Each structure stands twice: as C-alpha cells, then as structure tokens.
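Below is one structure; the comments refer to it alone.
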C-alpha cells in the first residue's frame, strides 16, 4: 500500500465538509427566475378584469416609456402586504399595469377597495396563460418593461418597503 | 329544516371558496388517445413551478393544472411535445424540464454514471486477477 493512499479518506472527508459548509453559508436560490429578462414581452391580449378599467395587451404597453407589470391576485396574501409599496410607486410617478391571475371581477374589486388601487389597467388571466408565457411562477411578481416593450427586470415576491427606492431607480434608468 | 340548510351549506362552501374555475383540460383527457399519450409523456417530464419537486402530472396545485391545460391545448392544436418543451424552456430556463440537455453545466451529471461504471470494471478486473494468482 502506498503511503499517500492512507490520507485519501481524510482528504475525501475534508472535501465533503467543504461542500456542505459552503452550502450552509450560501444557501441555494430557490426562486424561479424568468428567462425573459432582456427579451421582448410576449404578445398577449387580456380582457378587462374589473368594469370601468381597461384590459391589457402587450402592444398597449409599448411606446409609453417604462412601466411596471404587476402579476397579482385577490386571493394572494403577500399581495396585500405589497399594496402600500405599489401605491407609493404610483405616487412617485411610476405607471403600473397589472394581470389578475385566476381571479373574478368581484373579488378583484373587493381587493382594490380594501387595499387601494395603484393600477392603470388590469387584464384578466383566468387560466394563468399569460403568467406562464411570462415565465412567472407565482404571485406577486413584478416585471419592469421598457418603452420598447422589452423586459428589463423581474422582481420575485412582494416589493418590500426597503425596495421601493431601488425600483424607482431602476424605472428611471430604463427611461 | 335546519339540518337541510346545514347540509346545503356543506356543499355550497367549496363552490363559493373557489376564486376561479379550473382550466378546461386541466383534469380532462384529450379525446384522441394518441394525443393524450403524447401530452401525458410531456407532462411527466415538466416541473411544476410552485411545487418544485413534482411534475405537473403529479401535482394538485392550480398552477400545475393550468400548465396541464396549456400542454393539452397545444397538443390538441397539433404542436409537437418538444416544441412545447422548448417554448417553456424559453420562459423558465432548463429548470422547467426534467429532461436536462447535455451542456457544460450538466456534463458531470451525464458522464458520471459512465465514468463510475468504467471505474467499477477497472477495479473488478484488478481484484479478479489477484484471486487467480492466489
């Protein structure tokens, strides 16, 4: 038996410890990122979700400068937590369009009455078809779309109070 | 009367609690068995994005139902399963597929079994030789 072979098990163990320790110190990112960043918004046309507010189409989102596209639902709890931040963004002049996923007009109306309405337009996506075409995996998610209809960035999960300034900065940078 | 009302409420509540009806074809098979088999094969190799360890064929999540509906509708419209897989990969990345492509990042995954098998043969050969000598 060669001498150095004696050290092999210890070396293998040290390697295992290193792998596990690096995984503990830097936990894996479990969020599902859309592959659409940097690519044009897929074509879609959605009927209005609530009466009195226009629906949403990909062509209508083009040519008006950068906008946010918020994917939300009345049944989604983090969306309630996100509502004040969206209202703040609207006050700062950031236009926000929305897609209501697997929802009904009455439930969305109730949600907007309770939590405020930051949306310019809301499209109804009853079978998540447009959500799937966006590469979005849950609610809420927000996409920053530039004036030419290209997806600049995706914000996964609810926008937190400490993120608002960064979102406004991203929106300004996209102009 | 009270009992009848209670009974009615028991059945009424789940209907009222549903925010929207499940998509057509989420849980309905396609009429053509060959197409349904194609759809089934694809659904078993697509990852449910909300329940990350399950395929969309196995998951009860609404999102998985909507993805099954998308697969069946597109198969019904005559699209090839690989075309639908590539469309989804364009949206979600390779992550969505349980059939990983052979690229630099997955090379170890594909080559490790072959390498281990070859190593096994090499070790076995060595030990058989020793035995013969003894």
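Protein chains in written order, with full-length UniProt numbering: chain U, 1 to 175; chain S, 1 to 134. Note that the Cβ used here is the ideal one computed from N, Cα and C, for glycine as well. Just so you know, these numbers come straight off a predicted model, no measurement behind them.
Residue 130/S and residue 137/U have their C-alpha atoms spaced approximately 57 Å apart. Less than 8 Å separates the beta-carbon of residue 45/S from that of residue 55/S.
Interface with chain U (8 Å Cβ-Cβ cutoff): residue 91/S is included. Along the stretch 53-70 of chain S, going in chain order, the ones with a CB nearer than 7 Å to a CB of chain U are 62, 63, 66, 67, 69, 70.
Identification of residues in the stretch 24-36 of chain U having a C-beta nearer than 8 Å to some C-beta of chain S yields 30, 32, 33, 34, 35, 36, given in sequence order. Residue 10/U has its alpha-carbon roughly 41 Å from the corresponding atom of residue 92/S. When the Cα atoms are used, residue 159/U and residue 175/U turn out to be separated by approximately 21 Å. Contact annotation, residue 118/U with residue 86/U: C-beta distance approximately 4 Å; criterion of less than 8 Å satisfied. Assigned with DSSP and collapsed to three states, residue 127/S falls in helix.
Excluding its 5 nearest sequence neighbours in each direction, residue 23/S has C-beta neighbours in its own chain below 7 Å: 65, 66, 69, listed in chain order. Considering only 100/U, 101/U, 120/U, 77/U, the residue with the shortest C-alpha distance to residue 89/U is 120/U. Look at residue 82/S here: in three-state DSSP terms it is helix. The beta-carbon distance between residue 69/U and residue 99/U, rounded to whole angstroms, is 7 Å. This is short enough to meet the 8 Å contact definition.
Contact with chain S is absent for residue 163/U, since none of that chain's Cβ atoms lies less than 8 Å from the residue's Cβ. In terms of beta-carbon proximity, residue 95/S lines the interface with chain U, with at least one pair separated by less than 8 Å. Per the C-alpha coordinates, the member of 17/U, 83/U, 157/U, 161/U positioned closest to residue 115/U is 83/U. Contact residues of the stretch 64-96 of chain U toward chain S are 73, 74, 75 (C-beta to C-beta distance below 8 Å). Interface residue (Cβ-Cβ distance to chain S less than 8 Å): residue 109/U is not classified as such. In this structure, the alpha-carbon of residue 102/U lies about 45 Å from that of residue 17/U. In this chain, the alpha helix (DSSP H) harbouring residue 108/U covers 105-115. Rounded to the nearest whole angstrom, the CA to CA distance from residue 56/U to residue 43/S is 30 Å. Counting only runs that start and end inside the stretch 45-124 of chain S, there is no beta strand (DSSP E) element of at least 3 residues.
Among the CB atoms of chain S, none fall inside 8 Å of the CB of residue 113/U. In this structure, the straight-line span from the alpha carbon of residue 79/U to that of residue 130/U is close to 18 Å. The Cβ-Cβ distance between residue 40/U and residue 123/U does not fall below 8 Å. At least one C-beta of chain U is nearer than 8 Å to the C-beta of residue 49/S. Under the Cβ criterion of 8 Å, residue 129/U is counted among the residues facing chain S.
Exclusion of the five residues before and after residue 94/U leaves 68, 168, 171 as the residues of its chain whose Cβ lies within less than 7 Å of its Cβ.
Unbroken alpha helix (DSSP H) stretches of 4 residues or longer found wholly inside the stretch 9-50 of chain U: none. Selection 163/U, 46/U, 155/U, 59/U evaluated against residue 126/U yields 46/U as nearest (Cα-Cα). Beta-bridge annotation (DSSP): residue 137/U is not paired with any residue. Residue pairing from DSSP places residue 100/U in a beta bridge opposite 72/U, 124/U.
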